[in-house]
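Visitor:
Protein chains: 2
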Amino acid sequence: MADDKKKVEAITSMEKDFAQWYTDVVIKSELIGYTSVKGCMAIKPAGYAIWELIQKQLDAKFKETGVENVYMPMFIPESLLEKEKDHVEGFAPEVAWVTHGGLSELQEKLCVRPTSETLFCDFYAKDIESYRDLPKVYNQWCSVVRWEKETRPFLRSREFLWQEGHTAHATAEEAEERTIQMLNVYADFCENVLAMPVIKGQKTEKEKFAGAVATYTIEALMHDGKALQSGTSHNFGDGFAKAFGVQYTDKENKLQYVHQTSWGVTTRLIGAIIMVHGDDNGLVLPPRIAPTQVMIVPIMQKKEGVLEKAEELRSAISAYARVKVDASDKSPGFKFAEQEMRGIPLRLEVGPRDIEAGQAILVRRDNGEKETVAFTDLEKRIPELLDTIQKDMLEKARAHRDANTHTAKSWDEFKDIIENRQGFIKAMWCGDTECEEAIKAETGASTRCMPFEQECFSDVCVHCGKPAKKMVYFGRAY
Amino acid sequence: MADDKKKVEAITSMEKDFAQWYTDVVIKSELIGYTSVKGCMAIKPAGYAIWELIQKQLDAKFKETGVENVYMPMFIPESLLEKEKDHVEGFAPEVAWVTHGGLSELQEKLCVRPTSETLFCDFYAKDIESYRDLPKVYNQWCSVVRWEKETRPFLRSREFLWQEGHTAHATAEEAEERTIQMLNVYADFCENVLAMPVIKGQKTEKEKFAGAVATYTIEALMHDGKALQSGTSHNFGDGFAKAFGVQYTDKENKLQYVHQTSWGVTTRLIGAIIMVHGDDNGLVLPPRIAPTQVMIVPIMQKKEGVLEKAEELRSAISAYARVKVDASDKSPGFKFAEQEMRGIPLRLEVGPRDIEAGQAILVRRDNGEKETVAFTDLEKRIPELLDTIQKDMLEKARAHRDANTHTAKSWDEFKDIIENRQGFIKAMWCGDTECEEAIKAETGASTRCMPFEQECFSDVCVHCGKPAKKMVYFGRAY
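Protein chains in written order, with my numbering: chain E, 1 to 478; chain V, 1001 to 1478.
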């Protein structure tokens, strides 16, 4: 190998320093690049292609449920942001303000949207007249800005990409139904596409969205035992409708307020994929979200016929899988390491001897298993293997999550788990915000959610001993 | 019909007041809604679905040529914007400035991207090392902001959606080739998908992009005879590379500057579709860009079996066309008018007598032609008709463009055309910016482009009489 070729350098081990491992992976697998814009990242082709697959698959699921896409302005006039009291209190401290347009100062400053409830409400107030205009089930794919002090690629950045659904309904029941429906869409997507099991539940009063009546969440467990809030769905009741005057005339010609919801997932999901599936060799992508599912690595590619065969295989495989050939002038060993770093689910090796024998070698990224497959069987075997990998990755993630989910029946047990183990802690809670805050202050663990699947293993709160109201998942979180 | 049902109101005739006709169409066909954010529009589902089809089809074409999608930050630090002199002069007067983040004033103010050359250059300066890293052929789909004083939906708004491609190449030849290649992608897309013929050519020095060596454009003619710049592709040479230090080591290990391009189209294309194809009944969408290609209108839908048949047809047609049923409780006549306003290419009427006869009526939006088609022939006839409509719309637009393209051999002729006729004026030009400015000051007509297909019908400039250098398309423009 020539000297100027880049080497695949080893990354920090995840056991040694998980945070550094994460940073190494996002950079070395070329998902992002740093920019001169503080707190903002450049999403490179390998990273953006994952987001495109998330968009494509999730958008199709949305549309099956009647969602229509729209686009609202990226700016919110200050007076609009201030219309809903809880909402402005929640967001005003972390927005970016545009004060000048062109060469003049603006009469009213505009914030760059941190989320668009206020814009959708303003729009719905003008657009909705009668019950015939309902429901409105709109969504937009866009970027939003929150002026975070500490940032990490995908997990917390000043600008991030997301989708935000905003709906308006005639009745409270319909709004609640939509809120839960979208949470289920997210949960199914995480499990079936990202191979990431999630806990579905409701946020506590303290943790709910600014302005919501109820916030539902899906919570996933990362490899280091920390939780990641992976998607949320909010029921606003008629609070925003009253603040913005979003009304409709019902069938009896009476004016009524609409009931609203909003729901979103972000590029954070890419951080989740990294932290749930990655290993010390880099990224490991579930097949359904892998921009390249099969990478063909020709062996002794200068020998006559090898590159031709690789290209012939690529062309055939492209009918049923996303496939590329790495025909660069790097050594096979280097290519193996590079494709492992990039998390490509299957590697196909083919060299002169394989060609003679009419076969190729398939290597799984997730567990390293190799097998020799006749060219004529690839069409059957590759899709099978991709399905198996997808399934195995979900099972592995679920096993890790289950092995790291603990039940704390006493405060001593709770503290012992937090200090000596890792993961989710299931515990009974009194429902009191002060108690919740005390738990967080003492242990760093916040309430992740009150799961839909409740258990009852004690009558009293794990912390204060008062009567228990809910079983809660606690955890340290991103 | 109940009183509270909305009526389809007549729109202003395009001959009477084209500007008002345009506004009526964008509102009544529900493409956009106004917002409380001055100069910004809300793109409603009917409008955004057109943009999604533009994105999908154009993005596929981009990727065929090797384009990869990425995402860069939406903010540009002032110091970055200022690095290329012509560029900052061109854009600084029309950008929005973020001066505060959260509760504090920023140390350096950030503009909201009006275009992202500076961000891509900054990124490439870090990301490109050797000739092996070239070419970079990146694109992003995003929104940009330009603080326009006068705004019109789709045509000129403070925020708009677009794609911006930014490429870096080893040689000047390769950069020029890519610049032209993308212009051709745009031109083919406009003709084949939007049914809109365009003139391809180069912008004059005065009209070129701030910081470019050469700007190429596609220019279309609207129904009112005004021109619309519909897409541009810029060759930057190594100007930006020198300003930002974007260098690579070549095969001889010598440092070289890259050569760059950028190219973009915007939601303006939706304005073009409206103004090229629309009529006094509203929008007319070319089938390839119509979110709904066939609208089924049941006649006497309360009669048994009608809605069932409509749904059965919808299900069958959905295999080969984008189809919906309008099963609302409005009258058929009202539905006809509404679907015409929305520009849906084909209407399918089906009522009890049709069902008995085993047939439906198909009505073309573009020319009103009706035909009766047996249910069993729909599968053949609908795709045929959609193709025919697509083709006829392109021919009609081309005929209108050609009938409104004039040749001016003298200044009197030029003025006569501008005053008494409409459309493109082909004329010989000396190449002098002062002369170009004088023509614009006297007539309101600007140079649209120096077309690739040059003609020579005079040796002297139409305005000043000096030796002619180029044949130019002039026109009043949006």
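Heads up, the beta-carbon is just placed ideally off N, CA and C, and yes, glycines get one too.
Using three-state DSSP, classify Tyr1248/V as helix, strand or coil.
Guide: If DSSP states are grouped into helix, strand and coil, Tyr1248/V belongs with the strands.
Visitor: Per DSSP, which residues does Arg1156/V bridge with? Please list them.
Guide: DSSP output for Arg1156/V lists Arg1152/V as bridge partner(s).
Visitor: Please report whether the beta-carbon of Trp1147/V lies at a distance below 8 Å from any beta-carbon of chain E.
Guide: Closer than 8 Å to some Cβ of chain E, the Cβ of Trp1147/V qualifies, so yes.
Visitor: Output, in chain order, the set of chain V residues within a Cβ distance shorter than 9 Å of Trp162/E.
Guide: Those do not exist, as Trp162/E stays about 12 Å from chain V at its closest Cβ, beyond 9 Å.
Visitor: Measuring straight from C-alpha to C-alpha, what distance separates Ala1175/V and Leu1134/V?
Guide: Approximately 11 Å, taken between the alpha carbons.
Visitor: Give the DSSP-derived three-state secondary structure of Leu183/E in the structure shown.
Guide: Residue state, collapsed to three classes: helix.
Visitor: Would the beta-carbon of Thr1261/V fall within 8 Å of that of Phe1236/V?
Guide: In contact: Thr1261/V and Phe1236/V (Cβ atoms closer than 8 Å).
Visitor: Give the interface partners of Leu1080/V over in chain E, defined as CB-CB distance under 9 Å, in chain order.
Guide: Under the 9 Å cutoff, chain E gives Ser36 and Val37.
Visitor: Does the CB of Ala42/E have a neighbour CB from chain V at under 8 Å?
Guide: By this cut-off, Ala42/E is an interface position.
Visitor: Tell me the DSSP secondary structure of Cys426/E in three-state form.
Guide: Sequence inspection shows Lys at residue 426/E; the Cys mentioned does not correspond to that position. Here Lys426/E sits in strand by DSSP.
Visitor: Hey, would you say Ile344/E sits closer than 8 Å to Leu285/E, going by beta carbons?
Guide: Cβ atoms of Ile344/E and Leu285/E: closer than 8 Å.
Visitor: Closest to Lys409/E by CA distance: which of Ala243/E, Phe457/E and Ile11/E is it?
Guide: It is Phe457/E whose Cα lies nearest to the Cα of Lys409/E.
Visitor: Name the chain V residues that come within less than 9 Å of Phe334/E, Cβ to Cβ?
Guide: Here the premise fails: no neighbours, minimum Cβ distance about 13 Å.
Visitor: Could you give the first and the last residue of the continuous alpha helix (DSSP H) run that contains Gly278/E?
Guide: Neither: Gly278/E is in no alpha helix (DSSP H) and is coded neither H nor E.
Visitor: Should Gly1211/V go down as buried or exposed, given a rule of 16 or more other Cβ atoms within 10 Å for buried?
Guide: Buried, because 16 or more other Cβ atoms sit within 10 Å of the Cβ of Gly1211/V.
Visitor: Starting from Cys449/E, follow the beta strand (DSSP E) in both directions and report where the run begins and ends.
Guide: Start and end: Ser446 to Pro451.
Visitor: Does the beta carbon of Val460/E sit closer than 8 Å to a beta carbon anywhere in chain V?
Guide: It does not: the Cβ of Val460/E has no partner Cβ on chain V nearer than 8 Å.
Visitor: Run the proximity test for Asn1253/V: is its beta-carbon closer than 7 Å to any non-hydrogen atom belonging to the ligand HEM?
Guide: As for the ligand HEM, it is missing from this structure, which has no ligand bound.
Visitor: Below 8 Å between beta carbons: does that hold for Ser1036/V and Met1072/V?
Guide: Their beta carbons are not under 8 Å apart, which means Ser1036/V does not touch Met1072/V by this criterion.
Visitor: Under 8 Å, do Phe424/E and His406/E count as touching if we go by C-beta distance?
Guide: In contact: Phe424/E and His406/E (Cβ atoms closer than 8 Å).
Visitor: According to DSSP, which residues form a beta bridge with Asn1235/V?
Guide: Note: Asn1235/V sits in a beta bridge opposite Ala1214/V and Thr1261/V.
Visitor: Tell me, please, which residues DSSP counts as bridged to Tyr34/E.
Guide: Answer is Met41/E.
Visitor: Does Trp1147/V come out as helix, strand or coil in the three-state DSSP assignment?
Guide: Here Trp1147/V sits in coil by DSSP.
Visitor: Taking only three categories from DSSP, how would you classify Asn139/E?
Guide: Note: Asn139/E maps to strand in three-state DSSP.
Visitor: Which residues in the same chain as Lys251/E place their Cβ atom closer than 8 Å to its Cβ, once the five residues preceding and following it in sequence are excluded?
Guide: Closer than 8 Å at Cβ, skipping near neighbours: Tyr131.
Visitor: By the three-class DSSP mapping on this structure, what secondary structure does Leu1119/V have?
Guide: Note: Leu1119/V maps to helix in three-state DSSP.
Visitor: Is Leu1183/V near Tyr1216/V, with beta carbons less than 8 Å apart?
Guide: Contact: yes.
Visitor: In chain order, what residues of the same chain lie with their CB nearer than 7 Å to the CB of Glu1205/V, ignoring the 5 residues before and after it?
Guide: Excluding sequence neighbours, Glu1205/V sits near Thr1433.
Visitor: Shorter than 8 Å from the beta carbon of Thr1167/V to some beta carbon of chain E?
Guide: Chain E, which has no Cβ nearer than 8 Å to the Cβ of Thr1167/V, makes this no.
Visitor: Is Val1258/V closer than 8 Å to Thr1065/V when the C-beta atoms are compared?
Guide: No, they are not a contact pair.
Visitor: Taking the runs of the alpha helix (DSSP H) that are 4 residues or longer, which of them lie wholly in the segment 271-341 of chain E?
Guide: Runs found: 306-317 and 332-341.
Visitor: When DSSP labels each residue in this structure, what does Ser1079/V get in the three-state scheme?
Guide: Here Ser1079/V sits in helix by DSSP.
Visitor: Suppose you measure from the CA of Val306/E to the CA of Gln140/E; what does that come to, to the nearest Å?
Guide: Each residue's alpha carbon lies about 47 Å from the other.
Visitor: What does a CB cutoff of less than 8 Å around Met1/E pick up in its chain, not counting 5 residues either side in sequence?
Guide: Low per-residue confidence applies at Met1/E: pLDDT is 36, beneath 50, and the placement is therefore not dependable enough to give any value.
Visitor: If contact means a Cβ-Cβ distance below 8 Å, which residues of the segment 1072-1101 of chain V contact chain C?
Guide: Looking for chain C here will not work: the only protein chains present are E and V.
Visitor: Compute the beta-carbon to beta-carbon distance between Ile1289/V and Asp1326/V, rounded to the nearest angstrom, for a pair I have assumed lies under 8 Å.
Guide: Wrong, their Cβ atoms sit about 20 Å apart, outside the cutoff.
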